[in-house]
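Participant:
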Amino acid sequence: AQSVTQLGSHVSVSEGALVLLRCNYSSSVPPYLFWYVQYPNQGLQLLLKYTSAATLVKGINGFEAEFKKSETSFHLTKPSAHMSDAAEYFCAVSTNYGGSQGNLIFGKGTKLSVKP
Amino acid sequence: KAGVTQTPRYLIKTRGQQVTLSCSPISGHRSVSWYQQTPGQGLQFLFEYFSETQRNKGNFPGRFSGRQFSNSRSEMNVSTLELGDSALYLCASSLASGQGAHEQYFGPGTRLTVT
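Taken in order, these protein sequences are the chains called A and B.
Residue numbers for the first sequence follow our numbering, beginning at 104 and rising by one.
Residue numbers for the second sequence follow our numbering, beginning at 173 and rising by one.
1. Between which residues of its own chain and Gln240/B is the CB-CB distance below 7 Å, once the five residues before and five after are set aside?
2. Looking only at its own chain, which residues have a Cβ that is under 7 Å from the Cβ of Val250/B, when we skip the five neighbours before and after it?
3. So which of Leu147/A, Thr213/A and Leu136/A has the shortest CA-CA distance to Ala157/A?
4. Between which residues of its own chain and Phe232/B is the CB-CB distance below 7 Å, once the five residues before and five after are set aside?
5. Which residues of chain B have a Cβ atom closer than 7 Å to the Cβ of Gln145/A, listed in chain order?
6. Which same chain residues, not among the five before or five after Ser172/A, have their C-beta less than 6 Å away from its C-beta?
7. Assuming Trp138/A and Leu150/A make a contact with CB atoms under 8 Å, what is their CB distance in whole Å?
8. Determine which residues of the stretch 145-173 of chain A have a Cβ less than 9 Å from any Cβ of chain C, and write them out in chain order.
9. List, in order along the chain, the chain A residues whose C-beta lies closer than 7 Å to that of Leu215/B?
10. Taking DSSP as the reference, what is the three-state secondary structure of Ile184/B?
11. Going by the CB atoms, is the gap between Leu215/A and Leu110/A shorter than 8 Å?
12. Helix, strand or coil for Ile198/B, going by three-state DSSP, please let me know.
13. Ordered along the chain, which non-local residues of its own chain (more than five positions away) have a Cβ less than 8 Å from that of Leu267/B?
14. Could you spell out where the beta strand (DSSP E) holding Arg125/A opens and where it closes?
15. Listed in chain order, which residues of the stretch 248-265 of chain B have Cβ atoms closer than 9 Å to some Cβ of chain A?
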């Protein structure tokens with residue numbers, strides 16, 4: 104069975120500071136890992152995904168994440184926070200065995216606040 | 173390409189009633205998944221449909237059901253509504269050819285309030 108743990112339900116950074124959102128996963132098979140962002144009253148938007156092609160994954164809006172198998176981690180980073188990054192971020196894991204792609208398992212989410 | 177659309181966006185129902193939510197996937201996408209989002213439980217997987225067949229189901233009671241039509245549009249139904257069913261219901265579509273990690277594209281959700 105797969106699971107995802109996001110450390111820190113709230114993270115606050117200053118504008119221009121490094122953003123680091125932590126995600127650890129548990130999976131008995133090679134996982135696919137995703138980061139999604141959700142703005143208030145909206146659905147989820149995919150930031151990036153890991154599919155085993157490269158351990159460092161670059162996404163949209165300057166975000167990137169590094170897959171570390173030894174640490175079972177997939178932390179999301181951005182070198183310089185912008186006010187528009189304030190949102191809730193979700194890490195998710197899935198597997199694609201048997202052809203079923205629907206079962207994304209999400210972490211509880213991390214709400215990012217950006218201070219001017 | 174148009175994104176995933178969900179109707180209605182907001183809905184208020186009374187306990188004991190039933191409700192039907194609709195989702196239109198991105199053109200060409202054949203897989204549709206549904207998720208429930210609540211402050212307490214977070215995002216939870218309800219079910220997935222592909223080519224009109226339910227392929228995967230989450231741990232929800234039988235009051236929650238769904239279907240998919242030949243044009244890939246999907247509906248989910250909740251019968252005998254309970255207060256705890258108040259949530260944001262999200263639909264996501266993907267290509268889901270069975271190979272690779274196909275990302276899921278989410279709609280804006282339907283906010284259901286049960287009173």
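Glycine included, each C-beta is placed from N, C-alpha and C at the ideal position.
Keep in mind it's a predicted model, so treat the numbers as computed, not measured.
Facilitator: Working from what's here:
1. Excluding residues within five positions, the ones whose Cβ falls inside 7 Å are Val204, Tyr221, Glu224 and Ser246.
2. Within its own chain, the residues whose Cβ lies closer than 7 Å to the Cβ of Val250/B, once the five positions on either side in sequence are excluded, are Gln190, Val191, Arg235, Phe236 and Asp257, listed in chain order.
3. Ranking the options by Cα distance to Ala157/A, first place goes to Leu136/A.
4. So the list reads Leu218, once near-sequence residues are dropped.
5. Per Cβ cutoff of 7 Å: Pro280.
6. In the sequence on display, residue 172/A carries Lys and not Ser. Closer than 6 Å at Cβ, skipping near neighbours: no residue.
7. Taking C-beta atoms under 8 Å as the contact rule, Trp138/A and Leu150/A qualify, at a distance of about 4 Å.
8. No chain C is present in this structure, whose protein chains are A and B.
9. Taking the beta carbon of Leu215/B as reference, the chain A residues within 7 Å of it are Phe193 and Phe209, listed in sequence order.
10. Three-state result, Ile184/B: strand.
11. In this structure, Leu110/A lies away from Leu215/A, with their beta-carbon atoms at least 8 Å apart.
12. DSSP, read as helix, strand or coil, puts Ile198/B in coil.
13. If the five residues before and after Leu267/B are omitted, its C-beta is found closer than 8 Å to the C-beta atoms of Gly200, His201, Arg202, Ser203 and His274, all from its own chain and listed in chain order.
14. Element bounds for Arg125/A: Val122 to Ser129.
15. Within the stretch 248-265 of chain B, the residues whose Cβ lies closer than 9 Å to some Cβ of chain A are Leu260, Leu262, Cys263 and Ala264, listed in chain order.
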